[in-house]
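2 protein chains.
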Amino acid sequence: MVTAQTPTNIAVIKYWGKRDETLILPVNDSISLTLDPSHLCTTTTVAVSSAFHQDRMWLNAKEISLSGGRFQSCLREIRARACDVEDENKGIKITKEDWAKLHLHIASYNNFPTAAGLASSAAGFACLAYALGKLMNVKEDESQLSAIARQGSGSACRSLFGGFVKWIMGKEDNGSDSLAVQLADEKHWDDLVIVIAVKETSSTSGMCESVETSLLLQHRAKEIVPKRILQMEEAIKNRDFASFSQLTCADSNQFHAVCLDTSPPIFYMNDTSHRIISIAEKWNRSEEAPQVAYTFDAGPNAVLIARNRKAATSLIQRLLYYFPPNSDDLSSYIIGDKSIAKDAGINGIQDVEALPPPPEIKDNIPPQKYKGDVSYFICTRPGRGPVLLSDNSQALLNGETGLPK
Amino acid sequence: MVTAQTPTNIAVIKYWGKRDETLILPVNDSISLTLDPSHLCTTTTVAVSSAFHQDRMWLNAKEISLSGGRFQSCLREIRARACDVEDENKGIKITKEDWAKLHLHIASYNNFPTAAGLASSAAGFACLAYALGKLMNVKEDESQLSAIARQGSGSACRSLFGGFVKWIMGKEDNGSDSLAVQLADEKHWDDLVIVIAVKETSSTSGMCESVETSLLLQHRAKEIVPKRILQMEEAIKNRDFASFSQLTCADSNQFHAVCLDTSPPIFYMNDTSHRIISIAEKWNRSEEAPQVAYTFDAGPNAVLIARNRKAATSLIQRLLYYFPPNSDDLSSYIIGDKSIAKDAGINGIQDVEALPPPPEIKDNIPPQKYKGDVSYFICTRPGRGPVLLSDNSQALLNGETGLPK
């Protein structure tokens, strides 16, 4: 039995459009930032036993089917790379050949809402590939494992590393070179603070429709993204927040532009998303240098990246000013790293109510507030890649029964 | 004194992006449908008198400045083409040369909200150019006048004709070949019914920012629009609603995609616009052939084009089902051609309340309604081009004083 923990990631240069649906091969490279797993992560326990009669899986304590092609691809690819496992103390001996016949139990848990546009499938498939790789003594490195996780969910490949990660689209038809590499680890640029404004909705995808109907998608993939990838790598290397912010915002907006150019059009951003963008843009333009970058995935949640802790406290003040909570309970409204709100002088609802309008609002009319339009905020930071949890008390399966605890 | 009436128009292949800011020369051709002036039009009276001391203008009975470059361009270009005017009965004799010294009074009135995203500046500048052309005995035809109106507001050039109109971008640096031509008159395809869902907001433009920052705009202008223009001309010629609808919706969505790809991004559509698109898309997909096209200009107002009267009654039922009025007063909620609502069985608020959910909603949960999210609906049809109003009682200026009535 092995238990692993894997982070989520947020793309700053977006993946949108596949050239191969089954192998999940993208039409362009993408770059992401891995988020701290203390706040957003998947934990997965995988177990093997000759007593198991079939492969089974539980997600957030509820059994789910493993019959889907994406699960089957991951299981098949990992099994093909399994090696001998021997532990004399525990009396375990499994040969390379045994793995094809043995069944698995898998339990997975997200410490954040699943399917709310928070990259749960990315963390999930990365954790599955990583945990199974450890269980089956797979010799492949993280990049090679990422090419397996990719076949579960494209962006999962980027969750095999901490810090800044590039998913190289690759050229091969079999997808063997479509994998993730680390650009910089999570310590390289640890000034950054991430605030996610969550509005819970069900997430849907329309990527195939975009590839089939958007006349702008191929132009983006072929002409625009390759240049942006180089610029973004340079910005990350130099911790150049002005360039990082400009590229991140422009690429998020262009991804949503391609969604809109799809038939039927796809709208992931709503009026609240638009308002958050306006708040960020107005603030950035009022300062000498950009203070915050924004990016939106396939849902209305805003991921805001502040240049440093000082900017993050100013950001949280602005966000709370415009989007005060519906209830007085701040502790469930600002989650994750709560110290940012404390630094911003926000200890209770009365501090939210006392917030002045941001100084960049120059007209005398106080701006409209949008109470209740954000479900909650998550404060976090750049985070590490997958880790094994060796403490068996953290396992999600019972060592005796092989069933969820 | 001359009084003219000019229609508004709605682009079905959009104009977005100028290659020359002063002359207002676009980066691509566009095609529009002229709307019936009985429901949406500008009326303009222009008067000349040696007693006038300066050029003056009143818009909706309020004096406005004529010092702006766009007004000055139109006045200069028209004056340069003025010819001798002689009316023995009235004892008028103005020579070509006199026009440079004589001052004008201009009064203009929109029978619909100004600057609410309903192309008021298009109708306005078209009417100004047309009325002045008549007053000054300008020999140029409508196409040549359109090149003058264009210098007031780009899309104004398309309001010089009824029916379907193409604005040819032209090649000349001086803009002389950037003008409108009629593709088909308003009788060519008079099955079409237009319903505009109005949400009053102030309109803003960000066209320059798009040209400067959107990496998709040039690709759209150079590679995509030229093909679409040919397809749209063919669809109009053949009254092929399926192609017309597909092109209209795709081009509207792509225009908004380019807006989103601008830095800072421009959002003209809001959640209500997105909902109207979803309603139209869902309905179209549930039918054998598309029933309605949608298009949005630089504002949240939806312009819906139904394939015929039957489709229009089904459309108005759907719209009223989802967007019931805030008050019980239907007469100010559905304006323009009210017979469409009558045909749909809508005579009072009780008929709106009794509307069943559209049959394409297959799940058992009744869909959410959005009361008050639309300000009002305008029902109209394809319309004629500019006309002179010879009845002096319709003039907006007093024949004695030269001031607004």
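Just so you know, the sequences run in chain order A and B. Note that full-length UniProt numbering has the first sequence beginning at 1, numbered continuously upward. Note that full-length UniProt numbering has the second sequence beginning at 1, numbered continuously upward. C-beta atoms are modelled at their ideal positions from N, C-alpha and C, and glycine is treated no differently. The structure presented is a predicted model; accordingly, all values stated were derived computationally and were not measured.
To which residues does DSSP link residue i through a beta bridge?
i, result
"residue 43 of chain B", "B/5 and B/109"
"residue 380 of chain A", "A/194"
"residue 86 of chain A", "A/93"
"residue 182 of chain A", "A/165"
"residue 305 of chain B", "B/194 and B/293"
"residue 20 of chain A", "A/25"
"residue 49 of chain A", "A/103"
"residue 63 of chain A", "A/58"
"residue 402 of chain A", "In the DSSP output, where bridge partners are listed per residue, residue 402 of chain A has none listed."
"residue 387 of chain B", "B/5"
"residue 122 of chain A", "Answer by DSSP bridge pairing: none, since residue 122 of chain A is not bridged."
"residue 13 of chain B", "B/31"
"residue 397 of chain B", "B/404"
Identify the continuous alpha helix (DSSP H) that holds residue i and give its terminal residues.
i, result
"residue 167 of chain B", "Unbroken run through residue 167 of chain B is the beta strand (DSSP E), 164-168; no alpha helix (DSSP H)."
"residue 343 of chain A", "339-343"
"residue 227 of chain A", "225-237"
"residue 147 of chain B", "142-149"
"residue 189 of chain B", "Here residue 189 of chain B belongs to no alpha helix (DSSP H), and DSSP marks it neither H nor E."
"residue 75 of chain A", "69-80"
"residue 153 of chain A", "From DSSP, residue 153 of chain A is part of no alpha helix (DSSP H); its letter is neither H nor E."
"residue 114 of chain A", "Residue 114 of chain A -> no alpha helix (DSSP H), and no H or E assigned at all."
"residue 282 of chain B", "271-286"
"residue 351 of chain A", "349-353"
"residue 136 of chain B", "Premise fails: residue 136 of chain B is in no alpha helix (DSSP H) and is neither H nor E."
"residue 210 of chain B", "207-213"
Taking the straight line between their C-alpha atoms, what separation do you get for residue i and residue j?
i, j, result
"residue 205 of chain A", "residue 312 of chain A", "31 Å"
"residue 88 of chain B", "residue 99 of chain B", "18 Å"
"residue 301 of chain A", "residue 120 of chain A", "13 Å"
"residue 95 of chain A", "residue 83 of chain A", "7 Å"
"residue 413 of chain B", "residue 172 of chain B", "Residue numbering for chain B in the displayed model covers 1 to 405; residue 413 of chain B lies beyond these limits and cannot be assessed."
"residue 298 of chain B", "residue 250 of chain A", "21 Å"
"residue 368 of chain A", "residue 324 of chain A", "11 Å"
"residue 370 of chain B", "residue 359 of chain B", "18 Å"
"residue 36 of chain A", "residue 400 of chain A", "32 Å"
"residue 218 of chain B", "residue 169 of chain B", "14 Å"
"residue 226 of chain B", "residue 56 of chain B", "41 Å"
"residue 293 of chain B", "residue 167 of chain B", "21 Å"
"residue 154 of chain B", "residue 228 of chain A", "33 Å"
"residue 156 of chain A", "residue 124 of chain A", "7 Å"
"residue 319 of chain A", "residue 30 of chain A", "28 Å"
"residue 108 of chain A", "residue 41 of chain A", "10 Å"
"residue 49 of chain A", "residue 144 of chain A", "26 Å"
"residue 126 of chain A", "residue 133 of chain A", "10 Å"
"residue 159 of chain B", "residue 34 of chain B", "7 Å"
"residue 129 of chain A", "residue 74 of chain A", "7 Å"
"residue 267 of chain A", "residue 274 of chain B", "7 Å"
"residue 118 of chain A", "residue 61 of chain A", "19 Å"
"residue 221 of chain B", "residue 255 of chain A", "19 Å"
Locate the beta strand (DSSP E) running through residue i, then write down its first and last residues.
i, result
"residue 255 of chain B", "Where residue 255 of chain B is concerned, there is no enclosing beta strand (DSSP E), although the alpha helix (DSSP H) it sits in stretches over 241-260."
"residue 34 of chain A", "30-34"
"residue 494 of chain B", "Given a span of 1 to 405 for chain B in the structure shown, any question on residue 494 of chain B remains unanswerable."
For this session: Check distances from the C-beta atoms of the segment 266-283 of chain A to those of chain B and list, in chain order, the residues that come in under 7 Å.
Result: Interface annotation for the segment 266-283 of chain A against chain B: 267, 270, 271, 274, 277 and 281, criterion Cβ-Cβ distance under 7 Å.
Problem set entry | Interfacial residues, the segment 359-378 of chain B to chain A, with Cβ spacing under 7 Å | Within the segment 359-378 of chain B, not one residue has a Cβ closer than 7 Å to any Cβ of chain A.
Problem set entry | Contact list for the segment 319-330 of chain A against chain B, Cβ threshold 9 Å | Listed in sequence order: no entries.
For this session: Identify each residue in the segment 218-239 of chain A for which the Cβ-Cβ distance to at least one residue of chain B is less than 8 Å, and report them in chain order.
Result: Cβ contacts with chain B come from 219, 220, 223 and 224.
For this session: Residues of the segment 254-265 of chain B with a CB closer than 9 Å to any CB of chain A: list them in chain order, please.
Result: Listed by position along the chain: 254, 256, 257, 258, 259, 260, 261, 262, 263, 264 and 265.
Exercise. In chain order, what residues of the segment 200-215 of chain A put their CB closer than 7 Å to some CB of chain B?
Worked result: Taken in chain order, the members of the segment 200-215 of chain A whose beta-carbon sits within less than 7 Å of a beta-carbon on chain B are 215.
Exercise. The segment 240-251 of chain B: which residues have C-beta closer than 8 Å to a C-beta of chain A, in chain order?
Worked result: Taking 8 Å as the Cβ-Cβ cut-off against chain A, the residues of the segment 240-251 of chain B that qualify are 246, 249 and 250.
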